[in-house]
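In what follows, a single structure is set out as structure tokens and then discussed.
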Amino acid sequence: MRTVRGLNFRGCAAITAFFLAFLGVTAASGADASREPVISICLHNGSSRLHLGQTVTIAWRGASGPQKAWVSLWIEKIRTGHLIGPIASSLPVRGRLRWRIPDRAPPRIPCKIDQTRTCIDAIAPGQRYAIVARLYTVADGSPVAIPADAAPKRLLASAKTREFVILSTKS
7 MRTVRGLNFR GCAAITAFFL AFLGVTAASG ADASREPVIS ICLHNGSSRL
57 HLGQTVTIAW RGASGPQKAW VSLWIEKIRT GHLIGPIASS LPVRGRLRWR
107 IPDRAPPRIP CKIDQTRTCI DAIAPGQRYA IVARLYTVAD GSPVAIPADA
157 APKRLLASAK TREFVILSTK S
């Protein structure tokens, strides 16, 4: 599995194309069983600060994966490495998603507290996060299930955006 970090910039499409070309993958080549699956992800916003309630566009592109591959998007709490979500699941290997950062985390009482003094699965102002794209396929020998995430799965590749801080709601 190959992990890619830091693809969060304004020239997202150009850099993603360069990245995939560097790996020898083109749009025309499609999935190639001899190549390791890869995925890239971009957050179209250009800022290292996001606000609760803000809407952002997330774009991702997987390559060299099997036909039965899909993507899940998550939020990673940088300090602890915990994944929150998923934001969305059973997504196509390429796509865009407009996502609204929740105004507040849904209350879960009791919740498990981590070293940031917030619930493990909560988004909290002042903390650093990244959005993670994970490329999956069904586990070997498993029947394909609908939705894809219901089947036993195997992680093929993972990538995340540059870190950002979530701030309180804009007034």
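In my numbering, the protein residues as written are 7 to 177.
Beta carbons are placed, not taken as given, at the ideal position from N, Cα and C, and that holds for glycine.
No experiment lies behind these values; they were computed from the predicted model shown.
Answer with buried or exposed for residue i, where buried requires no fewer than 16 other C-beta atoms within 10 angstroms of its C-beta.
i, result
"residue 13", "Low confidence applies here, because residue 13 scores a pLDDT of 42, under 50, leaving its location unreliable and the question unanswered by this model."
"residue 119", "exposed"
"residue 117", "exposed"
"residue 46", "buried"
"residue 178", "The structure shown has nothing for residue 178, since the chain only spans 7 to 177."
"residue 173", "exposed"
Of all the options the options, which has the alpha carbon lying nearest to the alpha carbon of residue i?
i, options, result
"residue 168", "55, 41, 44, 67", "55"
"residue 165", "173, 73, 140", "140"
"residue 50", "122, 162, 106", "106"
"residue 95", "133, 78, 135", "78"
"residue 109", "73, 129, 121, 71", "129"
"residue 83", "75, 76, 92", "92"
"residue 90", "174, 134, 173, 159", "134"
"residue 76", "87, 85, 143, 103", "143"
"residue 66", "58, 145, 80, 53", "80"
"residue 161", "138, 175, 170, 53", "138"
"residue 102", "121, 48, 170, 158", "48"
I need the straight-line Cα distance from residue i to residue j, nearest angstrom please.
i, j, result
"residue 43", "residue 127", "29 Å"
"residue 132", "residue 60", "15 Å"
"residue 35", "residue 69", "Annotation note: pLDDT 40 at residue 35 (below 50); position unreliable, coordinate value reported separately. Straight-line Cα distance between these residues: approximately 9 Å."
"residue 29", "residue 74", "At residue 29 the pLDDT is 47, less than 50, meaning the model places this residue with poor confidence; the figure from the coordinates comes in the next sentence. Answer to the nearest angstrom: the Cα atoms are 21 Å apart."
"residue 145", "residue 163", "14 Å"
"residue 87", "residue 122", "11 Å"
"residue 159", "residue 104", "25 Å"
"residue 71", "residue 97", "14 Å"
"residue 53", "residue 41", "33 Å"
"residue 58", "residue 171", "10 Å"
"residue 100", "residue 175", "30 Å"
Who pairs with residue i in a beta bridge, going by DSSP?
i, result
"residue 172", "56"
"residue 123", "Answer is none; residue 123 lacks a bridge partner."
"residue 130", "Paired residue(s): none; residue 130 is not in a bridge."
"residue 167", "Answer by DSSP bridge pairing: none, since residue 167 is not bridged."
"residue 145", "Partner(s): none; residue 145 has no beta bridge."
"residue 49", "64"
"residue 41", "Beta-bridge pairing links residue 41 to no other residue."
"residue 161", "142"
Counting only runs that start and end within the segment 65 to 119, where is the beta strand (DSSP E) found for 3 or more residues in a row?
The DSSP assignment places 75 to 83, 89 to 97, 100 to 106 as complete runs of the beta strand (DSSP E) inside the segment 65 to 119, in order along the chain (cut-off: 3 residues).
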